[in-house]
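Engineer: Structure incoming, see below.
Number of protein chains: 2
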Amino acid sequence: MAKQADTKTSPVRGSRTGRPIMVLLDLLGRRWSLRIMWELRDGPLTSRALRTACDEASPTVLQARLTELREAGFVELGDGGGYGLTPLGQELCETFMPLHRFAERWRR
Amino acid sequence: MAKQADTKTSPVRGSRTGRPIMVLLDLLGRRWSLRIMWELRDGPLTSRALRTACDEASPTVLQARLTELREAGFVELGDGGGYGLTPLGQELCETFMPLHRFAERWRR
DNA sequence: TCCATCGCTACAATTATCGTAGCAAGATGC
DNA sequence: GCATCTTGCTACGATAATTGTAGCGATGGA
């Protein structure tokens with residue numbers, strides 16, 4: 001791969017300040033990031049199952065997001081295969097849960 | 109512009125199902141969407157002030173996001189100029205507030 | 001009138017994402 | 001052994017999104 005070396009996902013694309021909230025908003029603002037977290041909320045999925053859950057999103061970008069989310073510590077590759085949320089990732093995911101109710105109200 | 113006609117932002121790029129949560133995750137998963145909501149949390153900003161707050165992001169995409177967020181009902185253009193959150197937008201923004209605390213803990 | 005700022009747009013260059021195909025490694029069955 | 005399978009993951013050309021710079025018409029003061 002050797003695209004993103006060792007830091008986070010990149011020299012923080014969306015913010016020069018490096019404030020954690022900006023880094024987080026940028027990371028989650030990339031395509032499929034939020035969706036991936038959302039789809040993993042009920043438990044681990046294999047890479048292909050995740051792809052199916054994400055409307056057959058291209059494996060290229062899915063792999064990229066997965067790597068980023070893994071480096072961020074939100075997602076991990078289970079020993080028996082399959083991607084799942086880390087405890088930290090679950091915590092983050094629960095932060096989004098109110099979004100579900102909000103979205104339902106919002107559709108009108 | 110005439111790119112997105114009258115529906116939401118597009119025929120729901122990130123999801124074919126049209127489930128509100130997917131539409132929302134997709135909308136917020138576009139670049140600068142989350143950031144814009146975040147920067148408007150303390151009150152309205154002029155388009156240029158918002159641009160400054162968003163690390164000089166290009167006005168092209170900022171306008172695009174602003175239009176989408178306006179069509180979604182989260183942002184409005186105040187009578188005296190300046191973009192601000194609608195009551196609905198404030199509600200959504202408050203949903204993100206826990207993210208701030210989370211991000212601070214996460215940076216380590 | 002001159003100047004500043006407002007919201008907003010054009011346009012080319014650069015990135016990111018898509019879509020399809022396929023790899024190597026590890027199971028499983030025969 | 002040896003065919004399958006499925007796993008995580010990658011290559012690569014085509015397409016769509018984003019960037020950066022410049023500037024528009026309208027509005028409001030001096």
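Going down the list, the sequences are from chains A and B.
Residue numbers in the first sequence follow the numbering used here, run continuously in steps of one, and reach 108 at the last position.
Residue numbers in the second sequence follow the numbering used here, run continuously in steps of one, and reach 216 at the last position.
Backbone N, C-alpha and C fix where the C-beta goes; we use that ideal spot for every residue, glycine too.
Let me know the secondary structure DSSP gives A/Leu40 once reduced to three states.
Structural biologist: It is coil, neither helix nor strand.
Engineer: What does A/Thr95 touch in chain B if you count any residue whose Cβ is under 7 Å from its own?
Structural biologist: Neighbours of A/Thr95 on chain B, chain order: Pro206, Leu207 and Phe210.
Engineer: Out of curiosity, what's the CA-to-CA distance linking B/Leu218 and B/Leu158?
Structural biologist: There is simply no residue 218 of chain B to check, as chain B begins at 109 and stops at 216 in what is shown.
Engineer: In the DSSP output, what is A/Glu76 paired with across the bridge?
Structural biologist: Paired residue(s): A/Gly84.
Engineer: Alpha carbon to alpha carbon, how far is B/Leu185 from A/Leu45? Give it in angstroms, no decimals.
Structural biologist: So the two alpha carbons sit approximately 42 Å from each other.
Engineer: In three-state terms, what does DSSP make of B/Glu212?
Structural biologist: Note: B/Glu212 maps to helix in three-state DSSP.
Engineer: Along the alpha helix (DSSP H) that carries A/Glu71, what are the first and last residues, could you check?
Structural biologist: That run of the alpha helix (DSSP H) goes Pro59 to Glu71.
Engineer: Using DSSP bridges, identify the partner residues of A/Leu45.
Structural biologist: A/Leu45 is bridged to A/Tyr83.
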